[in-house]
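Residue numbers (my numbering), protein chains in the order written: chain A, 1 to 220; chain B, 221 to 711. Ideal Cβ positions, reconstructed from N, Cα and C, are used throughout, including at glycine. Notes for the one structure printed next.
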Amino acid sequence: MTDISYPLYLDLAAGLFLLTAVGVLWRHQLSAMIRLFALQGAALAAIVAILGIHQHSLELVLVALGLGVLRAGVLPYLARRALGDSPAEARETRPVVNVAASLLAAAALSLLAYAATRPLVALAPSPATGILPAAVAVVLIGFFTLVARRRALSQVVGFLLLDNGITATAFLAAAGVPLIVELGVSFDLLLVVLVLQVLTTRLRTAFGSSDLDELRELHD
Amino acid sequence: MTILLLLAPVGLPLAAALVYAAAGWRPHTTAWMGVVTTALLSADAIGLAVTVTRHGPVDTAGGLIRADALSAWMLLGVAAVALLACWASPAYLAAEHPHARRARWYGILLHLFIAAMAVAVLAGNLGILWVAVEATTIVTAFLVGHHRSRTALEAAWKYVVICSAAIAIAFLGLVLLYYAAQHAGLTGNDALDWATLAGHAHQLDPAVTRIAVGLAVLGFGAKAGLVPLHAWLPDAHSQAPAPVSALMSGVLLPVALYAVLRVKAVADPALGAGYLRTLLLILALTTLALAAVQLIGQRDFKRMLAYSSMEHMGLIALAAAVGTRPAIAALLLHMAGHGLAKTVAFLSAGHILYRHNSSRITDVRALATRTPLLAGLFGLAIVALLGFPPAALFASELGIARAGVGAGLAWATAAAFAFVATAFAAITAHSGRMLLGPPPMTEPGAAPPAAFTPATAMPLIAGLLGVAVLGITLGPVAGLLQAAASTVGAP
């Protein structure tokens with residue numbers, strides 16, 4: 001990869017990374033949301049791999065491979081398993097915020113991300129830190145998905161988007177946190193998704209569906 | 221020797237978890253295993269406290285595991301509450317008759333939970349601290365959902381989703397702190413090592429550090445029950461089994477605040493004391509206000525205890541905002557006193573819940589005449605939580621108020637204690653209704669539950685004695701408390 005094309009590839013991968021997050025807000029079908037999330041995992045791995053090749057760091061390329069397996073393979077697989085086999089459940093029917101408003105919110109959040117990351121970019125301007133706003137925008141969109149969707153599984157996807165955004169921030173800003181921390185974080189993330197998968201199964205047996213609207217028993 | 225003292229707090233609970241995984245939960249044998257390991261953990265914590273007081277901070281594994289006076293103080297708290305919770309667990313599970321499989325998981329997860337908290341307070345690296353705090357969410361998720369009822373599953377779901385998202389925000393904060401540290405010339409593990417970071421704090425880029433610290437405090441604050449991401453707390457604490465509620469309220473919330481204190485030790489030299497003081501004051505006062513309002517209309521006694529935890533965490537956040545040495549000393553004493561008193565309160569509430577099969581305040585009447593011993597312990601725990609002498613909370617609340625006024629935050633302190641007074645009145649009224657009054661005319665028709673024996677009461681009595689002793693004299697731990705306060709407190 002030449003030094004001229006490096007920012008181009010990085011921008012392409014970051015564009016795909018942000019676009020898939022917006023796509024999650026746009027789709028109703030839960031299986032489509034999971035496909036978009038897997039695509040985003042691949043985009044994240046691509047970002048890290050491009051950084052690794054540019055910095056001639058074998059370690060980063062290997063980390064990118066690991067990230068790709070986890071975020072584009074294992075986590076989407078677990079999420080799809082949590083979906084179960086009942087097609088009636090597989091749609092987000094009554095989101096708290098409808099799709100048009102969600103897309104507007106995504107645009108507003110992206111602007112906010114640009115404003116909030118100005119000091120981050122200013123500290124060390126480079127092609128990598130230049131796309132930090134996209135990573136932070138994905139964090140904000142993930143958080144928004146978490147609050148604006150009712151299905152248990154959409155919330156899980158929202159949480160995973162949030163986490164993808166944070167991982168991208170870590171690699172873009174600082175070429176990743178120390179390896180021991182990164183390992184711990186990935187392991188924790190895998191366990192959280194496993195726990196949530198078991199809980200969705202139990203919720204489905206207890207409530208008959210995993211629509212969180214049914215979760216209204218605990219209140220003051 | 222020091223290495224052993226530093227590694228045993230993690231090794232002992234892991235060993236106990238392995239025993240439960242291999243042998244299951246047997247009422248007369250392995251059920252008491254946890255008491256043995258947590259008693260050893262307490263001995264280890266005392267040994268570590270002595271070492272740290274005499275020789276200063278110690279570390280191992282290249283600085284990944286480190287203990288200073290503050291870590292030793294936190295570990296003492298974790299060990300004491302873990303001992304009480306494990307001591308009370310056999311009676312709790314015996315009353316509940318769970319499946320063998322569920323009891324086994326209870327044993328495994330409870331000890332993994334204790335191990336994760338030990339790692340959190342002994343981590344020398346903010347990244348490891350973060351991983352340990354997140355691990356507590358994972359292992360306690362199934363403990364919260366232990367009863368498998370609809371309400372327990374709902375609480376577990378909210379708990380995992382809200383806490384994981386909040387703690388992810390804290391991680392974003394740590395990532396940005398690492399970014400700032402790299403540009404201040406630190407590399408690798410050093411860039412997240414709290415001691416190194418605090419030493420190089422003045423070189424960190426202020427604009428990036430401001431964002432980083434804000435995110436980290438909001439994230440860890442959510443895990444400590446501070447607004448705005450507090451909604452999981454009353455649900456999780458009221459649905460978990462009593463010994464787990466005791467651990468979650470008594471030590472997990474303080475461990476999350478310990479993370480805030482470590483971040484504060486980096487933030488204050490980098491940004492000046494004003495930034496975090498403002499942020500923490502806002503969080504403290506809104507948490508206190510919310511807890512006071514929710515306590516007034518409360519109808520469930522376990523939720524009442526949960527909101528009382530939020531109230532105490534609000535006070536602790538206020539003390540952290542004040543940030544002077546006397547304030548931090550009062551804060552640490554408050555953590556210890558609240559941990560012990562809240563443990564007794566949750567454990568006795570668990571027995572009350574089991575006897576009445578309901579956690580509604582209106583379903584519990586005249587406890588004092590029907591089960592005097594249980595009523596006395598619950599009442600004394602509430603009295604201690606309300607801050608009456610000789611409980612340690614009296615001394616610590618007085619200390620927080622004096623430090624607040626002394627640091628020029630008289631208005632904020634006055635507002636905070638107005639909310640505390642509101643909570644005081646609400647808790648007194650609710651508990652009075654449960655303890656006193658005429659016995660109900662129609663006794664429940666079901667077979668009367670097993671008597672509340674003095675043997676069952678032993679851990680509760682021990683906890684209350686601990687609160688009272690801490691309130692009367694600090695004795696040998698006074699030096700440790702002062703040393704711990706001076707590690708993060710401004711002079």
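Check your understanding: So threonine 356/B is in the alpha helix (DSSP H); what residue range does that whole segment cover?
Key -> Stepping through the second sequence from its first residue, residue 356/B is reached at position 136. Bounds of the alpha helix (DSSP H) holding threonine 356/B are 346–364.
Review point. Under 9 Å between C-beta atoms, does aspartate 455/B make it to chain A?
Key: For the purposes of this step, residue 455/B is taken as the residue at position 235 of the second sequence. Aspartate 455/B counts as touching chain A.
Exercise for review: With a threshold of 16 other CB atoms inside 10 Å of the CB of aspartate 288/B, please say whether the residue is buried or exposed.
Suggested key: In the second sequence, counting from the first residue as 1, residue 288/B sits at position 68. So aspartate 288/B ends up on the buried side.
Exercise for review: Assuming serine 529/B and serine 469/B form a contact by the criterion Cβ under 8 Å, report the distance between their Cβ atoms to the nearest whole angstrom.
Suggested key: The residue you call residue 529/B lines up with position 309 of the second sequence. The residue you call residue 469/B lines up with position 249 of the second sequence. Their Cβ separation, rounded to whole angstroms, is 4 Å, which keeps serine 529/B and serine 469/B in contact under 8 Å.
Check your understanding: Per DSSP, which one or two residues make a beta bridge with arginine 580/B?
Key -> Here residue 580/B is taken as the residue at index 360 of the second sequence, counted from 1. According to DSSP, arginine 580/B bridges with Asp520/B.
Review point. If we count the other Cβ atoms within 10 Å of its Cβ and call it buried at 16 or more, is valine 381/B buried or exposed?
Key: The residue labelled residue 381/B in the question sits at position 161 within the second sequence. By the neighbour-count rule (16 or more Cβ atoms within 10 Å), valine 381/B is buried.
Review point. Closer than 9 Å, CB to CB, is tyrosine 495/B near chain A or not?
Key: By 1-based counting over the second sequence, the position of residue 495/B is 275. No, no contact with chain A.
Check your understanding: Residues of chain A with CB under 8 Å from arginine 368/B, in chain order?
Key -> In the second sequence, counting from the first residue as 1, residue 368/B sits at position 148. By Cβ distance, chain A contributes Arg202 and Ala206.
Practice item. Check the Cβ-Cβ distances between glycine 184/A and every residue of chain B, and say whether any is below 9 Å. Key: Counting from 1 along the first sequence, the entry for residue 184/A is found at position 184. With 9 Å as the cut-off, glycine 184/A counts as an interface residue toward chain B.
Point to revise | methionine 221/B classed as buried or exposed, judged by whether at least 16 other C-beta atoms fall within 10 angstroms | key: The count along the second sequence starts at 1 and reaches residue 221/B at position 1. Looking at its Cβ environment, which holds fewer than 16 other Cβ atoms inside 10 Å, methionine 221/B is exposed.
Exercise for review: Taking C-beta pairs closer than 8 Å, name the residues in chain A that glycine 408/B reaches, listed in chain order.
Suggested key: Taking the first residue of the second sequence as 1, we reach residue 408/B at position 188. Near glycine 408/B (Cβ distances below 8 Å), the residues of chain A are Pro178.
Practice item. Please classify isoleucine 47/A: does DSSP put it in a helix, a strand, or coil? Key: Here residue 47/A corresponds to residue number 47 of the first sequence, with the count starting at 1. In the structure shown, the three-state DSSP call for isoleucine 47/A is helix.
Review point. Within 8 Å: the Cβ of glutamine 402/B and any heavy atom of the ligand SAM?
Key: The ligand SAM is absent from the structure shown, which contains no ligand whatsoever.
Practice item. Closer than 9 Å by beta-carbon distance: list the chain A residues that pair up with aspartate 583/B, in chain order. Key: The residue you call residue 583/B lines up with position 363 of the second sequence. Chain A residues near aspartate 583/B: none, gap ~17 Å exceeds 9 Å.
Practice item. List the DSSP bridge partners of isoleucine 285/B. Key: As a first step, residue 285/B must be located in the second sequence, where it is residue number 65. DSSP, once it has assigned bridges, lists Thr280/B and Ala343/B as partnering isoleucine 285/B.
Check your understanding: What number of angstroms, rounded off, separates the C-alpha of alanine 251/B from the C-alpha of threonine 633/B?
Key -> Position 31 of the second sequence, counted from the first residue, corresponds to residue 251/B. Position 413 of the second sequence, counted from the first residue, corresponds to residue 633/B. If I take the Cα positions, the gap works out to 45 Å.
Point to revise | Alpha-carbon spacing of glycine 176/A relative to alanine 338/B, whole angstroms | key: Along the first sequence, read from residue 1 onward, the residue named residue 176/A stands at position 176. Along the second sequence, read from residue 1 onward, the residue named residue 338/B stands at position 118. Taking the straight line joining both Cα atoms gives about 26 Å.
Practice item. Return yes when the Cβ of isoleucine 348/B is within less than 9 Å of the Cβ of leucine 290/B, no when it is not. Key: Reading the second sequence from its first residue, position 70 is the one you call residue 290/B. Reading the second sequence from its first residue, position 128 is the one you call residue 348/B. For leucine 290/B and isoleucine 348/B, no; Cβs fall outside 9 Å.
Check your understanding: Between tyrosine 314/B and leucine 435/B, what straight-line distance do the alpha-carbon atoms span, to the nearest angstrom?
Key -> Counting from one through the second sequence, the residue named residue 314/B turns up at place 94. Counting from one through the second sequence, the residue named residue 435/B turns up at place 215. Correcting the residue type first, residue 314/B is alanine in the shown sequence and not tyrosine. In this structure, the alpha-carbon of alanine 314/B lies about 43 Å from that of leucine 435/B.
Review point. Going by C-alpha distance, which of Ala148/A, Ala173/A, Leu132/A and Thr205/A is nearest tyrosine 114/A?
Key: Here residue 114/A refers to the residue found at position 114 when the first sequence is read from its first residue. Measuring C-alpha to C-alpha distances from tyrosine 114/A to each of Ala148/A, Ala173/A, Leu132/A and Thr205/A identifies Leu132/A as the nearest.
**Study point:** DSSP three-state assignment for aspartate 410/B, whether helix, strand or coil
**Key:** For the purposes of this step, residue 410/B is identified with residue 190 of the second sequence, where counting begins at 1. In this structure, DSSP gives aspartate 410/B a helical state, which the three-state scheme calls helix.
Check your understanding: On the three-pair Cβ rule with 8 Å, is the region 536–553 of chain B touching the region 596–605 of chain B?
Key -> With a cut-off of 8 Å, the region 596–605 of chain B and the region 536–553 of chain B do not count as touching, because too few Cβ pairs lie within range.
Point to revise | Limits of the alpha helix (DSSP H) - the one that histidine 275/B falls within | key: Locating residue 275/B in the second sequence gives position 55, counting from the first residue. 253–275 is the span of the alpha helix (DSSP H), which, as asked, contains histidine 275/B.
Exercise for review: Count the other C-beta atoms from every protein chain shown that fall within 10 angstroms of the C-beta of glycine 52/A, then say buried if there are 16 or more, exposed otherwise.
Suggested key: To locate residue 52/A, count along the first sequence from 1; it is residue 52. Result: buried.
Exercise for review: Identify every residue that forms a DSSP beta bridge with threonine 544/B.
Suggested key: Here residue 544/B corresponds to residue number 324 of the second sequence, with the count starting at 1. According to DSSP, threonine 544/B bridges with Ala710/B.
Exercise for review: Within 10 angstroms of the Cβ of threonine 20/A, are there 16 or more other Cβ atoms? Answer buried if so, exposed if not.
Suggested key: In the first sequence, the residue the question calls residue 20/A occupies position 20. So threonine 20/A ends up on the buried side.
Exercise for review: Under 7 Å between beta-carbons, which chain A residues line up against aspartate 425/B? List them in chain order, please.
Suggested key: Residue 425/B sits at position 205 when you count from the first residue of the second sequence. The answer, in chain order, is Leu123.
Point to revise | 9 Å Cβ cutoff met for valine 278/B and leucine 225/B | key: Along the second sequence, read from residue 1 onward, the residue named residue 278/B stands at position 58. Along the second sequence, read from residue 1 onward, the residue named residue 225/B stands at position 5. Yes.
Review point. Which chain A residues are close to histidine 403/B, counting only those with a beta carbon under 7 Å from its beta carbon?
Key: The sequence position of residue 403/B within the second sequence is 183, counting from 1. Chain A residues near histidine 403/B: Leu123 and Ala124.
Check your understanding: Looking at glycine 73/A and alanine 38/A, is the spacing between their C-beta atoms short of 9 Å?
Key -> For this step, residue 38/A is matched to residue 38 along the first sequence. For this step, residue 73/A is matched to residue 73 along the first sequence. Yes, they are a contact pair.
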